[in-house]
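Just below is one structure, and these are the notes that go with it.
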Amino acid sequence: MDHLILTVIAQDQPGLVERVAQCVARHNGNWLESRMSRMAGQFAGILRVDVPAASHGALMEALGELSAQGIRVQLASAGAEPDCTWKSIHLDLLGNDRPGIVRDITRLLAQNGVNLESLITDVTPAPMSGEPLFHAQATLAVPESLLLTTLQTSLETLADDLMVELKLRMEE
1 MDHLILTVIA QDQPGLVERV AQCVARHNGN WLESRMSRMA GQFAGILRVD
51 VPAASHGALM EALGELSAQG IRVQLASAGA EPDCTWKSIH LDLLGNDRPG
101 IVRDITRLLA QNGVNLESLI TDVTPAPMSG EPLFHAQATL AVPESLLLTT
151 LQTSLETLAD DLMVELKLRM EE
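Anchor point for the sequence shown: position 85 equals 85 in the UniProt record's numbering, and the numbering is continuous, going up by one each time.
Spelled out as structure tokens, the structure:
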């Protein structure tokens with residue numbers, strides 16, 4: 001069996017996921033995990049499937065044919081997991097919205113060898129003022145060799161510059 005990673009994007013519509021799932025099932029594939037969301041009228045998802053090597057080419061062709069229905073699918077082979085021991089940390093960030101917050105936070109994380117496992121962001125109006133508030137929740141894979149206090153200090157310095165509230169906690 002080959003593990004494949006598929007990314008899917010299309011104009012949001014009922015039955016979209018079912019069409020992709022039918023395609024995978026028709027080629028003896030097994031849907032293992034996915035993350036999917038609707039945003040601004042578009043639907044986007046990433047999923048991991050297990051498919052017999054003999055069905056790999058036919059599945060790729062069938063997924064490509066979904067473009068006639070407005071569904072774009074890209075495929076990649078699953079990659080190897082890093083040879084590092086990680087601790088899972090949850091990051092919660094809240095502050096006034098401004099361009100560059102994600103860039104600045106992710107740059108600091110990358111400089112410390114921290115891998116971003118998941119990231120969810122949104123901008124909502126503040127309760128009293130209506131000013132846009134940026135909120136991010138992330139799961140981080142922090143190398144065991146990096147002290148949490150070192151990461152916390154680096155992030156707090158950046159949080160002061162960005163004027164955001166930032167919290168880290170160990171995942172359970």
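For every residue, glycine included, the Cβ atom is placed at its ideal position computed from N, Cα and C.
What you are looking at is a predicted structure, and each value in this text was computed from that prediction instead of being measured.
- Beta bridge pairing from DSSP links Leu166 with Leu93.
- Here the C-alpha atom of Thr150 lies approximately 12 Å from the C-alpha atom of Pro143.
- Ser154 places its beta carbon 8 Å or farther from that of Ala138.
- Following the DSSP letters along the chain, one finds Ile5 in no alpha helix (DSSP H) but inside the beta strand (DSSP E) bounded by residues Asp2 to Gln11.
- In this structure Val73 is buried. Its beta-carbon is surrounded by 16 or more other beta-carbon atoms within 10 angstroms.
- Excluding its 5 nearest sequence neighbours in each direction, Gly113 has C-beta neighbours in its own chain below 7 Å: Pro143 and Leu146, listed in chain order.
- The DSSP assignment places 30-39, 42-51 and 72-77 as complete runs of the beta strand (DSSP E) inside the UniProt domain "ACT" (5-78), in order along the chain (cut-off: 3 residues).
- By the neighbour-count definition (other C-beta atoms within 10 Å, threshold 16), Val123 is an exposed residue.
- Between Glu33 and Arg19, the gap from beta carbon to beta carbon reaches 8 Å or more.
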